[in-house]
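Asks: Protein chains in written order, with this note's numbering: chain C, 151 to 428; chain Z, 583 to 847; chain Y, 789 to 1160.
Every residue gets a Cβ at the ideal spot worked out from N, C-alpha and C, and that includes glycine.
Once you've had a glance at the structure underneath, I'll fire off some questions.
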Amino acid sequence: MVNNLLTLLKKTLKGNWQKLALTFLSLAVFVSLWSLYAAWLHGDWPFEGGLIALTVPYPREVLAAFVDSFQNADVNGITMWGHIYASLKRVLAGFLLALAVALPAGLLMGRSSTSHWLGRPIVESFRPIPPLAWIPIFIVVFGLFWGPVGIVFLGIFFPILYNVMFGSRSVDPILIDAARTLGAKKSDLFLKVVLPFTLPYLMTGITVGLGIGWMCIVAAEMLGGVGGGVGYYIADRAGSQDYEYMYAGMVVIAILGTLTTGVAGLLENRIYKWMGMK
Amino acid sequence: MSISIIGLTKVFTKDKRRIMALEGFSLDVPEGQFVCLLGPSGCGKTTVLRIVAGLETKTSGRVLVNGRDTEVSRPKIGMVFQEFALFPWRTARKNVEFGLETRRVPESDRTLSSQKYLEMVGLRGFEESHPRELSGGMKQRVAIARALATDPELLLMDEPFGSLDAQTRNLMQRELLRIWSATGRTVLFVTHSVDEAVFLADRIVVMTARPGKVREVIDVNLPRPRDRTSQDFITVRGKVLAELDEEFEKARARELSLEQINENH
Amino acid sequence: MDSRVIIAVMIAAIVVVGAVSAIVLLDEDESAGGTVYYVVIPPANMRDALATGEVDGYIAWEPYVSDSVVGGVGKVVLWSDEIMADHPCCVVAVRNAFAASAEGQELTTRFIAAHIETTEWMIEALDHTSSADYDKLVAMAVDFTERNESVVKEAFKHLQYKYQMDSDFISALEHFTQMYNDTGILDPSKITERGYDSISDFVNTYVNETYVEDAESIEPSSTILNPNSPIRLGYLAGDLHQLAQFVAMNATMVDGSKSIFEKYGLNVKKAPGAPFAVGGAVMTAFSAGTVDIGYLGAPPAILNHLNAAVDTSIIAQANSEGSGIVVGADAEVDGLRDMVNMTVAIPGTSSIQFLLLKTALEERGLELEIKT
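Here it is in structure tokens:
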């Protein structure tokens, strides 16, 4: 198993070495500029002029803080693993809720014009309101766990709803015709034609939604009063101006965000290919 | 299975305009015959097919399959479309099995059927391919296999080779005849192409311009396989073309006069 | 569709649902010795959180404590002076760059003079609860905190205004800093990183008593010394501990027509961003150079300076005590030990309330952990 993974890794590396080299190059440039700016702020070589502020620590300091945050418990009594777990819990709950509501709603609104015109005004009125605006209300109404989950729900709900609605409405009518000539009843049409056709659109909605949901949970944790979570971690560190650890928290968010949307995107591509649609 | 279409009329209402697509279209097709519907654009030939298939409702008239009114008991049909209409997420085999799944045929029987028909259309070895991996001709073969797998009473084909290039088209015409003679179904085949109709059909039904009805029925009593260069072939072709051309003229004249009416307003 | 795919999807769904249920339902961890859990909520929202049952209790500064008590929502389990008698709480700090010039020095000393006079006036007024000054003080407190009279009057009973920074004050700050080191809130190496030899060295350097001393010889001024460049004042929203700056700003304090700040020739304005929600925000504003003199809790003044070298000094005390741990009015809680496994709201981990709570719990052999 490990051998297979290693060979796969080697193959991926060999195949994409230009892309990887470019990525490393751009990262190296970024880190150098960052070090330079930090040096200027700290009044270190090659700059003189004394300490201006410590607001931007050196990359190596952030790296040390990053590693330390995973190994040792912080003032809150948990390590970064615990904070990640707290945030992921909320994102997962919000995601599943959004999926459970948006998928059927989207299918319904896509296939039935009565449902469409019934649901549309409600959906359209809520959509422009940024999920983050609901934070104070949700925390009071739904509490410290379900409040942030509700924000994530709102963030993920709309992309899924719209994509599923669009997808289920775009089912090629000729496929419906063909299915009917092949003896499909209404349930068959739905399960065997509409649903699989809509699946890639659902995946797009999920990929977009996850990105938004992730941003929502970080913001909700920063603005709302909750316990633990990566967003909370950053706000906590910022409060005591513990910058090295604050930036470490931001790096964690960047990594997690890239991972979740990356994986979702990969899955989306896989499904589009499998569907023979892209 | 024989088809009897009696006084079929279809009116479409679109944006408050009434378009009479068919008016009193009548046709008898005896069992096992290969019949082509030929006519200018908009004459309603596809509409006839769709009504027989149950995809469209009729305004008035009757359609009988084997003596039974299709509104009372729907016949088992297989239909092949110009755009292939294959389910892109299913393999060739799974596409073919679709009609069997809807009829709750058990899995082992489904596999036997799909294998048989895929081989019949010459796609052995491609059963697990997805439509995107197949050429146009191969896709249409899958569509034909799919239509036949349910053992339908009649086969409806709506310009099935219209999307294919000339060589593939010729090949598929021969293949279709081969398959048809193996299964002996009644076929109702819509096409634009006089050549194709003469090559394939036992009888050619030339339709009038809109509103569509039967203008002329021409029997093609040539033995198969037919030689496109033979004198008989050319004669029949000429007869059909003559009928068709008049209808084309009429259709065009009507459109021109319609334009004039609109301009005068 | 492929039946294998369907089965795979179903298995995945079951696994996911199972995991989520496990996560959400079985999440309650109970530790051996007894742990109290906390969440961070802005003090202004704490009373509501208690009322709706979102939290089982909270610790905050006045008036947020009496707010719940008077409103019948909560009762106090422990006052902060019971945890640590006469503990320092809010202080006055100055941005060193502001006080570096001669003019800055002068303005800062005058500010402290105003602060001292105001503080002494408030102490007098609170000693004579039937006096007109007392009523005036209460009215101003109501105005500043946006709470009603009974809340304010109750809150006054539990805090002390003072400006002196005596040796007990210094020791208390050293104790806080030591606590920060012990609990891992502050990396001990930060002390030396900032150039101090020890905690004692740090506190004694960071606390600057000269302004309080020099303020004694300051005379009122008939003209405003800084008409065009006001002192930008930072403070916390509705924090009764910091009432002094509000009183000093009141334009009717001196002969009915002047403020105490004006009496000493000072033009003082709210800093951009003021009022702030927590002390850490005041320190960040100091960093950004947008606050010249600020009222904030001693712990953030210490912590943020050590973490980020915010260039400030503590130049006076504002109050001591004045915080409390509140639980629901009907809760079966007689002491802190009854709060095991409960969830308490705190203003933030860099607040003095967090330190006090931690101290109180540790004395009883209990743990304090964040609730996730």
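At 9 angstroms on the CB atoms, spell out the chain Y contacts of C:Ile-221, in chain order.
Replies: Position 71 of the first sequence, counted from the start, is the residue given in the question as residue 221 of chain C. Note that residue 221 of chain C corresponds to Gln in the displayed sequence, not to Ile. Under the 9 angstroms cutoff, chain Y gives no residues; its nearest Cβ is about 12 angstroms from C:Gln-221.
Asks: Is the CB of C:Pro-346 under 7 angstroms away from at least one CB in chain Z?
Replies: Looking up residue 346 of chain C in the first sequence gives position 196. Taking Cβ atoms only, chain Z reaches closer than 7 angstroms to C:Pro-346, which makes this a yes.
Asks: Starting from Z:Arg-756 and walking both ways along the alpha helix (DSSP H), at which residues does that stretch end?
Replies: Position 174 of the second sequence, counted from the first residue, corresponds to residue 756 of chain Z. It spans 748-765 - the alpha helix (DSSP H) in which Z:Arg-756 sits, taken as one unbroken run.
Asks: Y:Asn-996 and Y:Ile-1103 look like a contact to me (Cβ under 8 angstroms); what is the Cβ gap, rounded to whole Å?
Replies: Taking the first residue of the third sequence as 1, we reach residue 996 of chain Y at position 208. Taking the first residue of the third sequence as 1, we reach residue 1103 of chain Y at position 315. Going by Cβ atoms, the distance from Y:Asn-996 to Y:Ile-1103 rounds to 5 angstroms, so yes, they are a contact pair.
Asks: Distance, Cα to Cα, Y:Glu-891 vs Y:Glu-1007?
Replies: Sequence index remark: in the third sequence, residue 891 of chain Y carries index 103 (1-based). Sequence index remark: in the third sequence, residue 1007 of chain Y carries index 219 (1-based). So the alpha carbons of these two residues sit roughly 16 angstroms apart.
Asks: What are the uninterrupted segments assigned as alpha helix (DSSP H) that are 4 or more residues long and contained completely in the segment 178-247 of chain C, given in chain order?
Replies: The segment 178-247 of chain C contains these whole alpha helix (DSSP H) runs: 209-221.
Asks: Taking buried to mean at least 16 other C-beta atoms within 10 Å of its own C-beta, is Z:Gln-813 buried or exposed?
Replies: Residue numbering aside, residue 813 of chain Z sits at position 231 when the second sequence is read from its first letter. Z:Gln-813 is exposed by the Cβ-count criterion.
Asks: Which parts of the segment 307-390 of chain C are runs of the alpha helix (DSSP H), unbroken and 4 residues or longer, counting only runs that do not cross its ends?
Replies: Segments of the alpha helix (DSSP H) lying fully in the segment 307-390 of chain C: 323-331, 345-373, 380-389.
Asks: Rounding to the nearest angstrom, what Cα-Cα distance links Y:Leu-895 and Y:Gly-1068 in this structure?
Replies: As a working mapping, residue 895 of chain Y is identified with position 107 in the third sequence. As a working mapping, residue 1068 of chain Y is identified with position 280 in the third sequence. Cα to Cα, the separation comes out at about 24 angstroms.
Asks: Give the single residue among Y:Thr-897, Y:Met-1130, Y:Leu-1124, Y:Leu-1144 whose Cα lies nearest to the Cα of Y:Ser-1009.
Replies: For the purposes of this step, residue 1009 of chain Y is identified with residue 221 of the third sequence, where counting begins at 1. Minimum Cα distance to Y:Ser-1009 is reached at Y:Thr-897.
Asks: Indicate whether Z:Val-776 and Z:Glu-825 have their beta-carbon atoms separated by less than 7 angstroms.
Replies: As a first step, residue 776 of chain Z is located in the second sequence; it is residue number 194 there, counting from the start. As a first step, residue 825 of chain Z is located in the second sequence; it is residue number 243 there, counting from the start. No, they are not a contact pair.
Asks: Around the C-beta of C:Val-413, are 16 or more other C-beta atoms found within 10 angstroms, so that it is buried, or is it exposed?
Replies: As a first step, residue 413 of chain C must be located in the first sequence, where it is residue number 263. C:Val-413 comes out exposed.
Asks: Note the first and the last residue of the continuous beta strand (DSSP E) segment covering Z:Leu-604.
Replies: Within the second sequence, numbered from 1, the residue matching residue 604 of chain Z stands at position 22. Here the beta strand (DSSP E) through Z:Leu-604 covers 599-611.
Asks: List the endpoints of the continuous alpha helix (DSSP H) containing Z:Arg-785.
Replies: Your numbering for residue 785 of chain Z matches position 203 in the second sequence. Counting along the chain, Z:Arg-785 falls outside any alpha helix (DSSP H), though it belongs to the beta strand (DSSP E) covering 785-789.
Asks: Identify whether Z:Phe-680 lies in helix, strand or coil by the three-state DSSP scheme.
Replies: In the second sequence, counting from the first residue as 1, residue 680 of chain Z sits at position 98. Helix, per DSSP.
Asks: Is it the case that the segment 872-886 of chain Y contacts the segment 1097-1113 of chain Y, given that we only count it when at least three CB pairs across the two stretches are under 8 angstroms?
Replies: A contact exists between the segment 1097-1113 of chain Y and the segment 872-886 of chain Y.
Asks: What would DSSP say about Y:Trp-867, mapped onto helix, strand or coil?
Replies: Within the third sequence, the letter at position 79 stands for residue 867 of chain Y. Y:Trp-867: strand per DSSP, three-state reduction.
Asks: Please list the partners that Y:Ile-1158 has in chain C, where partner means a Cβ-to-Cβ separation under 7 angstroms.
Replies: The residue you call residue 1158 of chain Y lines up with position 370 of the third sequence. Neighbours of Y:Ile-1158 on chain C, chain order: Asn-226, Gly-227, Ile-228, Gly-377, Gly-378.
Asks: Taking the beta carbon of Y:Leu-814 as the centre, do at least 16 other beta carbons fall within 10 Å, making it buried, or is it exposed?
Replies: Your numbering for residue 814 of chain Y matches position 26 in the third sequence. Annotation note: pLDDT 48 at Y:Leu-814 (below 50); position unreliable, coordinate value reported separately. Answer is exposed; the Cβ neighbour count stays below 16.
Asks: Using a Cβ-Cβ cut-off of 6 angstroms (strictly less than) and excluding sequence neighbours within five positions of Y:Leu-1013, which residues of its own chain qualify?
Replies: Numbered from its first residue, the third sequence carries residue 1013 of chain Y at position 225. Closer than 6 angstroms at Cβ, skipping near neighbours: Gly-1053.
Asks: Compute the beta-carbon to beta-carbon distance between Y:Thr-906 and Y:Ala-1032, rounded to the nearest angstrom, for a pair I have assumed lies under 8 angstroms.
Replies: Reading the third sequence from its first residue, position 118 is the one you call residue 906 of chain Y. Reading the third sequence from its first residue, position 244 is the one you call residue 1032 of chain Y. Yes, Y:Thr-906 and Y:Ala-1032 are in contact; Cβ-Cβ is about 5 angstroms, under 8 angstroms.
Asks: Please specify which runs of the alpha helix (DSSP H), each continuous and at least 4 residues long, are wholly inside the segment 872-952 of chain Y, giving them in chain order.
Replies: Runs of the alpha helix (DSSP H) inside the segment 872-952 of chain Y: 884-887, 890-915, 920-933, 937-944.
Asks: I'd like to know if C:Asp-386 contacts chain Y, where contact means its C-beta is closer than 7 angstroms to some C-beta of that chain.
Replies: Taking the first residue of the first sequence as position 1, residue 386 of chain C is located at position 236. Output row for C:Asp-386: interface = yes.
Asks: Might you give, ordered along the chain, the residues of its own chain that have their beta carbon closer than 8 angstroms to the beta carbon of Z:Val-822, omitting 5 neighbours on each side?
Replies: Here residue 822 of chain Z refers to the residue found at position 240 of the second sequence. Once the five neighbours on either side are set aside, the close Cβ partners of Z:Val-822 are Leu-620, Val-776, Ala-779, Val-780, Ile-786, Val-788, Ile-800.
Asks: What residue range is occupied by the uninterrupted alpha helix (DSSP H) comprising Z:Lys-627?
Replies: What you label residue 627 of chain Z is simply residue 45 of the second sequence in a count that begins at 1. Looking at the DSSP string, the run of the alpha helix (DSSP H) that includes Z:Lys-627 is 627-635.
Asks: Are C:Gly-381 and C:Val-368 closer than 7 angstroms when you measure CB to CB?
Replies: Looking up residue 381 of chain C in the first sequence gives position 231. Looking up residue 368 of chain C in the first sequence gives position 218. Yes, the pair counts as a contact, with Cβ atoms nearer than the cut-off.
Asks: When the cut-off is 7 angstroms and only beta carbons count, does C:Leu-325 lie next to chain Z?
Replies: Sequence index remark: in the first sequence, residue 325 of chain C carries index 175 (1-based). Chain Z, which has a Cβ nearer than 7 angstroms to the Cβ of C:Leu-325, makes this yes.
Asks: I want to verify the contact list: residues of chain C whose CB lies under 7 angstroms from the CB of Y:Ala-1097, in sequence order.
Replies: Counting from one through the third sequence, the residue named residue 1097 of chain Y turns up at place 309. Neighbours of Y:Ala-1097 on chain C, chain order: Leu-201, Leu-204.
Asks: Name the chain Y residues that come within less than 8 angstroms of C:Ser-337, Cβ to Cβ?
Replies: Taking the first residue of the first sequence as 1, we reach residue 337 of chain C at position 187. Ordered by position in chain Y, no residue passes the 8 angstroms Cβ test against C:Ser-337, which lies about 14 angstroms from the chain.
Asks: Nearest by alpha-carbon distance to Y:Ile-904: which of Y:Ser-919, Y:Gly-845, Y:Met-953 is it?
Replies: Position 116 of the third sequence, counted from the start, is the residue given in the question as residue 904 of chain Y. Y:Ile-904 has its Cα closest to that of Y:Met-953, out of Y:Ser-919, Y:Gly-845, Y:Met-953.
Asks: For Y:Ile-1158, name the three-state secondary structure that DSSP assigns.
Replies: Translated into the one-based positions of the third sequence, residue 1158 of chain Y becomes position 370. Reduced to three states, the DSSP call for Y:Ile-1158 is strand.
Asks: With the cut-off set at 7 angstroms, would you say Y:Ser-771 and Y:Leu-1144 are in Cβ contact?
Replies: The shown model of chain Y, from 789 to 1160, leaves out residue 771 of chain Y, and the question about it has no answer.
Asks: In whole angstroms, what separates the C-alpha of Y:His-1161 from that of Y:Cys-877?
Replies: Residue 1161 of chain Y lies beyond the residue range present for chain Y, which begins at 789 and ends at 1160; the question has no answer from this structure.
Asks: How about Y:Ile-1158 and C:Gly-379: are their beta carbons less than 7 angstroms apart?
Replies: One-based indexing of the third sequence puts residue 1158 of chain Y at position 370. One-based indexing of the first sequence puts residue 379 of chain C at position 229. Not a contact, by the Cβ cut-off of 7 angstroms.
Asks: Indicate whether at least one CB of chain C lies closer than 7 angstroms to the CB of Y:Leu-1091.
Replies: Here residue 1091 of chain Y refers to the residue found at position 303 when the third sequence is read from its first residue. So yes, Y:Leu-1091 belongs to the interface.
Asks: Evaluate C:Leu-320 with the Cβ neighbour count: other Cβ atoms within 10 Å of its Cβ, from every protein chain shown; 16 or more gives buried, anything less gives exposed.
Replies: Against the first sequence, residue 320 of chain C aligns to sequence position 170. Here residue 320 of chain C turns out to be Ser, not Leu, going by the sequence shown. So C:Ser-320 counts as exposed.
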